[in-house]
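Reminder that position 116 of the sequence shown reads as 207 in the numbering used here, one-by-one numbering, no gaps. Where a beta carbon is used, it is the ideal one built from N, C-alpha and C, also for glycine. Just so it is clear, the structure is predicted and the values come from calculations on it, not from any experiment. Below: the structure, in structure tokens.
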Amino acid sequence: MAVGKNNNKMGKKGGKKKAVDPFARKEWYDIKAPSMFYNRQVGKTLINRTQGTKIASEGLKGRVFEVSLADLNDSEADFRKFKLVCEDVQGKNVLTNFHAMSMTRDKLCSIVKKWHTLIEANGVFKTTDGYVLHLFCIGFTKRSPNQVKKTTYTKASKVRKIRARMLELMKKEFINDDTHGIEELKIELTEILASEVELFSV
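Here it is in structure tokens:
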């Protein structure tokens with residue numbers, strides 16, 4: 092035994108902490124999607140109850156929820172994801188607004204093709220209701236009928252022209268619209284861009 096060592100067995104300071112269920116102090120809120128969607132009941136979210144100056148409803152504002160379009164519109168396009176941001180809390184309802192739209196990773200990977208040229212375009216556009224949206228467009232070169240050649244590449248100069256045409260069409264279709272028709276506009280833009288750019292690049 093070391094010299095001067097205290098051999099008395101002493102308990103730990105403070106003792107054992109009492110096990111507390113973290114969910115006991117949480118409150119549940121219903122998430123409401125914007126009126127542009129068919130199913131407005133998205134799901135539920137939770138937050139700590141109001142304590143002192145920490146107000147629960149204030150903590151929810153700015154929270155972003157990611158929801159599949161299949162859940163919002165009973166659509167088969169389950170690869171499309173919408174982000175909804177909380178803007179207001181009324182009672183136990185969280186009122187949200189459109190925040191972003193994207194595609195799932197597996198869908199993006201499935202549309203990328205070997206031996207083709209990938210053409211991407213993006214631009215910032217302002218809607219009639221004052222929102223600024225950053226739009227992204229993706230396209231690929233198309234094989235000609237009865238094509239024998241393995242690759243379907245295009246020149247860089249042609250890519251620049253197609254990209255400029257994509258931006259021109261997006262601006263033309265989007266400048267007179269608002270965020271409430273965002274889903275219809277997405278489908279409309281897809282069809283217009285596909286046909287117009289194809290005609291332009293021939």
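For this session: Excluding the 5 residues preceding and the 5 following residue 159 in the sequence, name in chain order all residues of the same chain whose CB lies nearer than 7 Å to its CB.
Result: In the sequence shown, the residue the question calls residue 159 occupies position 68. These residues qualify, in order along the chain: 169 and 172.
Exercise. Taking buried to mean at least 16 other C-beta atoms within 10 Å of its own C-beta, is residue 177 buried or exposed?
Worked result: Within the sequence shown, residue 177 is the residue found at index 86, counting from 1. Classification of residue 177: buried, given that the 10 Å Cβ count is 16 or more.
For this session: Return yes when the Cβ of residue 118 is within less than 9 Å of the Cβ of residue 138, no when it is not.
Result: As a position in the sequence shown, residue 138 is number 47, starting the count at 1. As a position in the sequence shown, residue 118 is number 27, starting the count at 1. A contact, by the Cβ cut-off of 9 Å.
Exercise. Residue 123 and residue 187 look like a contact to me (Cβ under 8 Å); what is the Cβ gap, rounded to whole Å?
Worked result: Sequence index remark: in the sequence shown, residue 123 carries index 32 (1-based). Sequence index remark: in the sequence shown, residue 187 carries index 96 (1-based). With 8 Å as the limit, residue 123 and residue 187 qualify as a contact, their Cβ atoms being about 6 Å apart.
For this session: Within the same chain, show all residues whose beta-carbon is closer than 6 Å to that of residue 193, passing over the 5 residues directly before and after it, in chain order.
Result: Locating residue 193 in the sequence shown gives position 102, where the first residue counts as 1. Excluding residues within five positions, the ones whose Cβ falls inside 6 Å are 172.
Exercise. For residue 198, which residues of its own chain have a beta-carbon under 6 Å away from its beta-carbon, when the five flanking residues on both sides are left out?
Worked result: Working through the sequence shown from its first residue, we reach residue 198 at position 107. For residue 198, where only same-chain residues beyond five positions count, the Cβ hits under 6 Å are 170.
Problem set entry | Reference residue 248, options 167, 150, 210 and 190, closest by Cα | Within the sequence shown, residue 248 is the residue found at index 157, counting from 1. If we check each option's Cα against that of residue 248, 210 comes out closest.
For this session: State the beta-bridge partners of residue 337 as determined by DSSP.
Result: Any question about residue 337 goes unanswered here, given that the chain covers just 92 to 293.
Exercise. Which class does residue 146 belong to by DSSP, given the choice of helix, strand or coil?
Worked result: Mapped onto the sequence shown, residue 146 falls at position 55. Residue 146: coil per DSSP, three-state reduction.
Problem set entry | Run of the beta strand (DSSP E) containing residue 233, from where it starts to where it stops | One-based indexing of the sequence shown puts residue 233 at position 142. Neither: residue 233 is in no beta strand (DSSP E) and is coded neither H nor E.
Problem set entry | When 129, 154 and 229 are compared against residue 161, the one with the closest alpha-carbon | Mapped onto the sequence shown, residue 161 falls at position 70. Per the Cα distances, 129.
For this session: Grab the span of the beta strand (DSSP E) containing residue 212 for me, first residue to last.
Result: In the sequence shown, residue 212 corresponds to position 121, counting from 1. Note, residue 212: beta strand (DSSP E), 209 to 217.
Exercise. For residue 232, is the classification buried or exposed, using 16 other Cβ atoms within 10 angstroms of its Cβ as the cut-off for buried?
Worked result: For this step, residue 232 is matched to residue 141 along the sequence shown. Per the 10 Å Cβ criterion, buried.
Problem set entry | Between the CA atoms of residue 189 and residue 245 - distance to the nearest angstrom | Position 154 of the sequence shown holds residue 245. Position 98 of the sequence shown holds residue 189. Roughly 37 Å separates the two Cα atoms.
For this session: Using the Cα positions of residue 154 and residue 136, report the straight-line distance between them to the nearest angstrom.
Result: Locating residue 154 in the sequence shown gives position 63, where the first residue counts as 1. Locating residue 136 in the sequence shown gives position 45, where the first residue counts as 1. Roughly 10 Å separates the two Cα atoms.
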